[in-house]
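One gets our numbering by counting positions in the sequence shown from 1 and adding 7 to each. Don't be surprised by glycine CBs; every beta carbon is placed ideally from N, CA and C. In what follows, a single structure is set out as structure tokens and then discussed.
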Amino acid sequence: MIDIHCHILHGVDDGAKDLAESVAMARIAYEDGVRDIIVTPHFNHGFLTMADVVHRKLEELERELDRQGVDIRLHPGTEVQLVSAAFFDEHRRNRSFALLGRPGTHLLIEQRWSDYDPGTPEIVQRLLDAGVTPILAHPERHPFFRDDPELLPQLIELGLWTQVSADSLVGNFGPDAQRYGRALIAAGHAHTIATDAHNVNRKPNLGAGMAIYEEMAGAAARTELEARMRSIVAG
Ligand SMILES: [Fe+2]
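Put into structure tokens, the structure is as follows:
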């Protein structure tokens, strides 16, 4: 399996605090059946993880995983918050953040926690026009998507993909996120499933999320989902 959203990079955001914790997370992911991880540190006002830092830290962690014999491949990425349209535009122009995987055909974006950014459709459209598919992190966790059932489908209609979190599906973010996450699967609106793991407690648990997906959508849909996620790193 491939995890496309994981805060496994050490010492850059509120994820793994050091190399030892990164390795411990990688071991948990490996035991769970994961062989590829896209590293996605936060890119927001609090943690502005620049692309060059992502690449440098990724190499450092890769060396350590090699040394310790943990057979996981790492791929670059970031989780870019739509702090504002201006924030996004400036950093995209300057190529400050890392797209997902080496092909760079996808970008993981996240809404603010306070409210929906009305500039989102325009940003989504511009990314698509540039050949980049935006993937929205855990929409099921945001009340404004749950409260307005038209909001997310309109973005999906444009070409946006969603990333539903395994933790939401198993109930770790409460009943509302669990219900909406499952509703997205039922509606065919869960394009990817990922962990958004931050440490060994909020840990990599992709297998649990994928099992729920398969139970709801069937084995053929799971195969399709896994192929879609793999295409992000394969180009
Ligand atoms: Fe995240």
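*Secondary structure at Asp124, three-state DSSP: helix, strand or coil?*
coil
_Ser29 burial status per 10 Å Cβ neighbour count (16 or more: buried)_ = buried
_Beta-carbon separation (whole angstroms), Arg63 vs Pro83, contact threshold 8 Å_ = Actually they are not in contact, since the Cβ atoms of Arg63 and Pro83 sit about 10 Å apart, beyond 8 Å.
*Three-pair Cβ contact test at 8 Å for the segment 115-124 versus the segment 72-82*: no
_Quick check: is any heavy atom of ligand 1 less than 7 Å from the C-beta of Asp21?_
no
*In terms of alpha-carbon separation, which member of Val87, Arg70, Val60, Asn212 lies closest to His1?*
Residue 1 lies beyond the residue range present for the chain, which begins at 8 and ends at 242; the question has no answer from this structure.
*Within 10 angstroms of the Cβ of Ala226, are there 16 or more other Cβ atoms? Answer buried if so, exposed if not.*
exposed
_Identified DSSP bridge partners for Gln132_ = DSSP output for Gln132 lists no bridge partner at all.
_Whole angstroms are fine: how far does the CA of Glu67 sit from the CA of His198?_
31 Å
*CB-CB under 7 Å to Ala224, same chain, minus the five flanking residues each way: which ones, in chain order?*
Ile192
*Report the rounded CA-to-CA distance for Asp39 versus Pro160, giving the unit in angstroms.*
32 Å
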